[in-house]
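Worksheet for the structure shown next.
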Amino acid sequence: MTQKIPLLFGVHAHQPVGNFPEVVDDAVVRCYQPFLETLYRFPDFAFAFHSSGWLLDYLGRHHAPVMHLLQEMVARGQVELVGAGDTEPVLASIPHQDRLGQLKAMKERLERNFGQCPQGAWLTERVWDPSSVPALVESGIRYVVVDDYHFLCAGLETADLGHFYRTEESGQPIDVFPISEALRYRLPFSEVAEAVAYIASIGQGSQHGIAAIYFDDIEKFGLWPDTYDWVYSQGWLEQFLAAILHSDTVVPMHFARYREMHQPRGIVYLPTVSYREMNAWTLPPDLAREYGGFLHQEQEAGRLERRKALIRGGTWKSFLARYPESNWMHKRMLQLSARFHTLPKHRQTQEMREMLYAAQSNDAYWHGLFGGIYLPHLRRAIFHAITRLEGLLDKVQKRSPLARLDVDLDGAEEWFYHDRVAQAVVRPSPHAAMVEWNHYPLAHNFGDVLARRDEAYHDRIRERQIPTVHDGAGIASAHDRISYRNAITEEDLVFDDLPCHSFLDHLGEELLSYQVREEADPPVFCAASTAGWRVEKSFGLRKGVLSVAYLCRPGPAEGGNTVLRTRLYLSMPSCDGPGGQLWVDGSQIGGFGQEAGTASGTDFLLKDSVLGGAVLWHLGFPASWRCWPHRTVSQSEAGFEKIMQGWVLELEWTLSCGQELQIGLTGRIMADHG
């Protein structure tokens with residue numbers, strides 16, 4: 001009798017912390033529920049299931065029937081649960097003690113809800129870094145799943161795959177399974193007969209014990225474009241399950257069971273790497289273009305399959321270098337993690353720990369075809385957790401009203417002005433600009449505005465590539481499609497040459513650079529202009545009110561008439577939706593998505609129903625002003641889209657020859673009560 005090839009089939013379900021409830025509900029209706037209901041009807045189809053903790057919690061609170069269905073499938077032995085960090089962090093990007101805490105939180109969640117302790121772990125975005133091994137092992141994890149590409153990068157051949165291997169870090173061993181890239185690209189996009197035939201072919205002519213290994217996003221089964229109709233309406237999933245269970249050559253099996261039955265194939269040392277697409281997404285745009293061209297060249301020459309392990313691209317942490325906004329979030333998270341862990345155990349509350357872990361959710365830190373740094377609501381969730389955690393820590397661990405720290409590790413200090421209500425973070429060098437503005441009662445960072453920057457995929461827009469037509473059997477993967485959610489013009493692809501920080505100042509056309517005058521209280525930032533003016537700027541924070549003061553004086557070589565111009569970038573949760581209202585000097589102007597401006601303005605009130613509060617900027621000296629929405633162009637699996645990142649207010653004052661001008665601004669944040 002022919003030995004059947006084991007099919008190790010696993011799916012990973014995840015929704016980002018802070019995602020819109022309607023988005024998650026739609027994912028339940030179009031993917032999670034029909035997927036589980038379909039597999040429930042095939043109890044002999046053993047499979048592995050991983051879900052992030054936040055999603056499991058959401059299902060338990062809002063979709064109890066789905067949760068009960070999964071619990072029953074676990075109880076009858078159909079489902080092997082797989083662990084991970086509870087909020088789906090990239091383990092390599094967080095400290096060891098947080099890795100342990102995250103893995104423990106997920107383990108306890110699975111034991112509490114399902115009565116099963118996980119032996120295996122899903123690595124977020126399949127990011128392998130040997131430094132994570134000790135935490136995995138110490139948490140009771142015995143195996144992980146990563147791409148077969150990882151193994152090829154370690155020098156193995158394709159013929160060596162289909163088994164698990166053993167690796168170690170500091171003498172702590174763990175087993176690693178190679179997920180088949182070819183199978184990832186076939187399921188569920190190929191016809192059922194072709195997919196099953198491919199699985200059966202894996203074992204032909206191979207040694208005993210080889211397995212077909214699949215573990216990928218469950219969202220491919222209903223949420224990716226065109227997949228709901230294909231997978232459920234046309235019956236692909238049901239036909240696939242029936243075909244596997246009736247196959248004479250394939251048998252579904254749990255990862256843990258397969259591991260019990262076999263010894264590791266050998267020892268392997270995997271390099272720091274993720275899946276191939278991710279490695280490309282981490283590259284700077286110009287290098288990404290060269291990388292893409294090189295891949296195309298190798299594919300056209302028929303060499304790509306043989307050489308792909310030698311063409312690695314970047315590493316996941318490179319996103320922290322590519323996007324300064326990501327690096328800032330990450331380093332603020334690390335800063336607060338360190339503060340949390342210096343507290344005595346009895347002062348480390350569960351709420352603090354939950355906020356720390358929420359700030360470590362991976363999605364807002366990166367970007368590719370997926371990934372959410374371009375999605376303001378996901379960054380807002382990270383900063384919500386950061387701000388709440390910082391407020392909780394401040395109640396038990398006092399800080400100086402003005403602290404100087406190099407948080408982002410760029411070699412220059414940031415200044416943290418704070419009280420119990422608010423905080424303003426200023427980067428003195430070189431432009432004395434505000435990079436973060438927090439309000440603790442609302443747990444919001446008003447400085448969270450992403451700059452427009454070049455992306456390699458913008459070339460597709462410039463070339464006006466039409467949506468892809470899939471000419472093979474089955475349907476197109478999101479990786480192969482090109483579509484547009486918004487009309488995008490060349491003007492939308494003009495990129496920022498400065499970060500979106502508030503109070504970047506120009507005198508005429510000259511960007512001002514400041515030096516610190518330490519003897520002043522509070523310290524004053526001083527700039528000398530080539531136009532013959534001297535500008536002093538200072539920040540203050542008292543009872544939650546932010547103050548910014550300018551003193552403009554003619555220099556020794558007296559300058560002529562000019563203008564002082566500054567911008568405020570504000571992250572308003574309503575974005576260009578109906579919940580935002582702008583009032584200027586008592587008159588309603590419109591929403592945040594509109595452009596406006598007049599020759600004089602003093603009071604700017606931004607009401608935001610999503611925020612549950614308002615921001616009032618008052619000018620001590622009237623200014624000419626204009627405002628507009630700040631939008632970026634990015635891609636997602638649904639297509640190219642424009643997204644409002646923030647609201648911009650540009651203020652301008654005229655400086656008259658020989659006359660000194662003092663300008664004061666105050667910013668007050670008000671929470672709705674009632």
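Sequential numbering from 1 applies to the sequence shown in the numbering used here. Even glycine gets a Cβ: it sits at the ideal position worked out from N, Cα and C.
C-beta atoms of R90 and A121 nearer than 9 Å: Per the sequence presented here, residue 90 reads as Val, with Arg not at that position. For V90 and A121, no; Cβs fall outside 9 Å.
Here's a check: name, in chain order, each residue in its chain whose Cβ is nearer than 7 Å to the Cβ of V516, leaving out the five neighbours to either side. The beta carbon of V516 sits closer than 7 Å to those of P428, P523, F525, all from its chain and outside the five residues before and after it, given in chain order.
Near D98, which residues of its chain fall below 8 Å by C-beta distance, leaving aside the five closest residues on each side in sequence? So the qualifying residues of the chain are P89, S337, L356, Y357, Q360.
So, with DSSP's three-state summary, where would you put P430? In the displayed model, P430 falls within coil according to three-state DSSP, outside both helix and strand.
Using the Cβ count rule (16 or more neighbours within 10 Å means buried), how would you classify M253? Classification of M253: buried, given that the 10 Å Cβ count is 16 or more.
Return the chain-ordered ranges of every alpha helix (DSSP H) run that is complete within the stretch 312-377 and spans a minimum of 4 residues. Along the length of the stretch 312-377, whole alpha helix (DSSP H) runs at least 4 residues long occupy 318-322, 324-342, 350-358, reported in chain order.
DSSP state of N113, grouped into three classes? If DSSP states are grouped into helix, strand and coil, N113 belongs with the helices.
Which stretch, first to last residue, makes up the alpha helix (DSSP H) that contains H68? For H68, the uninterrupted alpha helix (DSSP H) segment begins and ends at 64-75.
Give the secondary structure of W533 by DSSP, where H, G and I count as helix, E and B as strand, and everything else as coil. Three-state result, W533: strand.
I461 - partner residues in DSSP beta bridges: Bridge partners of I461: none, in fact.
Straight-line CA distance for E22 to Q15? Put simply, the backbone Cα of E22 is about 12 Å away from that of Q15.
If you compare alpha carbons, which of S502, S529, C500, Q423 is closest to L512? Residue S529 holds the alpha-carbon nearest to the alpha-carbon of L512 among S502, S529, C500, Q423.
P344, buried or exposed, once every other Cβ within 10 Å from all chains shown has been counted against 16: That one is exposed.
When we look at the beta-carbon of P146 and count the other beta-carbons within 10 Å, is it buried (16 or more) or exposed? Just to set this straight, residue 146 is Val in the shown sequence, not Pro. Around the CB of V146, 16 or more other CB atoms lie within 10 Å, so the residue is classed as buried.
Only counting the same chain, and skipping five residues up and downstream in sequence, which positions put a Cβ closer than 7 Å to that of V407? By the criterion of a C-beta distance shorter than 7 Å, V407 is surrounded in its chain by K331, R332, Q335, E414, once the five residues flanking it on both sides are discounted.
Out of L606, F446, L570, state which residue places its alpha-carbon closest to the alpha-carbon of F383. Proximity to F383 across L606, F446, L570 peaks at F446, based on C-alpha coordinates.
Per DSSP, H634 is paired with what? For clarity, residue 634 is Ser in the given sequence; the question names His instead. In DSSP, S634 forms a bridge with E641.
For my contact list, T387 and Y323 are in at a C-beta cut-off of 8 Å; report their separation, rounded to the angstrom. The distance from the Cβ of T387 to that of Y323 is about 20 Å, inconsistent with a contact at the 8 Å cut-off.
CA-to-CA distance, K395 to F539, given in whole angstroms: When rounded, the distance between both Cα atoms is 24 Å.
Hey, how far is the Cα of E168 from the Cα of Y269? Here the alpha carbon of E168 sits roughly 8 Å from the alpha carbon of Y269.
Report the three-state DSSP secondary structure of H150 (helix, strand or coil). H150 sits in a helix when the DSSP states are folded into three classes.
Is it a yes or a no for the stretch 647-662 touching the stretch 615-630, going by three-plus beta-carbon pairs under 8 Å? Yes: at least three Cβ pairs fall under 8 Å.
Taking C-alpha atoms, which residue in Q348, V435, H346 lies nearest to N327? Sorting Q348, V435, H346 by C-alpha distance to the C-alpha of N327 places V435 at the top.
Counting beta carbon pairs with one atom in the stretch 536-555 and one in the stretch 457-464, are three or more of them shorter than 8 Å? Because the criterion of three Cβ pairs below 8 Å is not met, the stretch 457-464 and the stretch 536-555 do not touch.
Same chain only: Cβ atoms within 8 Å of L389, ignoring 5 sequence neighbours per side: Sequence-distant Cβ neighbours of L389 in its own chain, meaning closer than 8 Å and more than five residues away, are L336, F340, M352, M355, L356, A359.
Name the DSSP beta bridge partners of Y214, please? Under DSSP, Y214 takes part in a beta bridge, and its partners are F9.
Rounded to whole angstroms, what is the Cα-Cα separation between L402 and L665? Their Cα atoms are separated by approximately 20 Å.
Does E138 come out as helix, strand or coil in the three-state DSSP assignment? Here DSSP, grouped into helix, strand and coil, assigns E138 to helix.
Would V610 pass as a contact of S574 if the rule is Cβ separation under 9 Å? Yes, Cβ-Cβ distance for V610 and S574 is below 9 Å.
Can you tell me whether L405 is buried or exposed? The criterion is at least 16 other CB atoms within 10 Å of its CB, across all chains shown. Its Cβ having fewer than 16 others within 10 Å, L405 is exposed.
Sequence-distant residues of the same chain with beta carbon closer than 7 Å to S656, five excluded per side: Closer than 7 Å at Cβ, skipping near neighbours: N561.
If you count every other CB in all the chains shown that lies within 10 Å of the CB of D148, and 16 or more means buried, which is it? Result: buried.
What does a CB cutoff of less than 7 Å around P608 pick up in its chain, not counting 5 residues either side in sequence? For clarity, residue 608 is Asp in the given sequence; the question names Pro instead. Cβ within range, chain order: M572, P573, S574, G579, G580, A614.
Between the stretch 234-253 and the stretch 43-50, do three or more beta carbon pairs fall short of 8 Å? Result yes; three or more Cβ-Cβ pairs closer than 8 Å.
In three-state terms, what does DSSP make of T227? In the structure shown, the three-state DSSP call for T227 is helix.
Terminal residues of the beta strand (DSSP E) in which Q662 lies: Start and end: 661-671.
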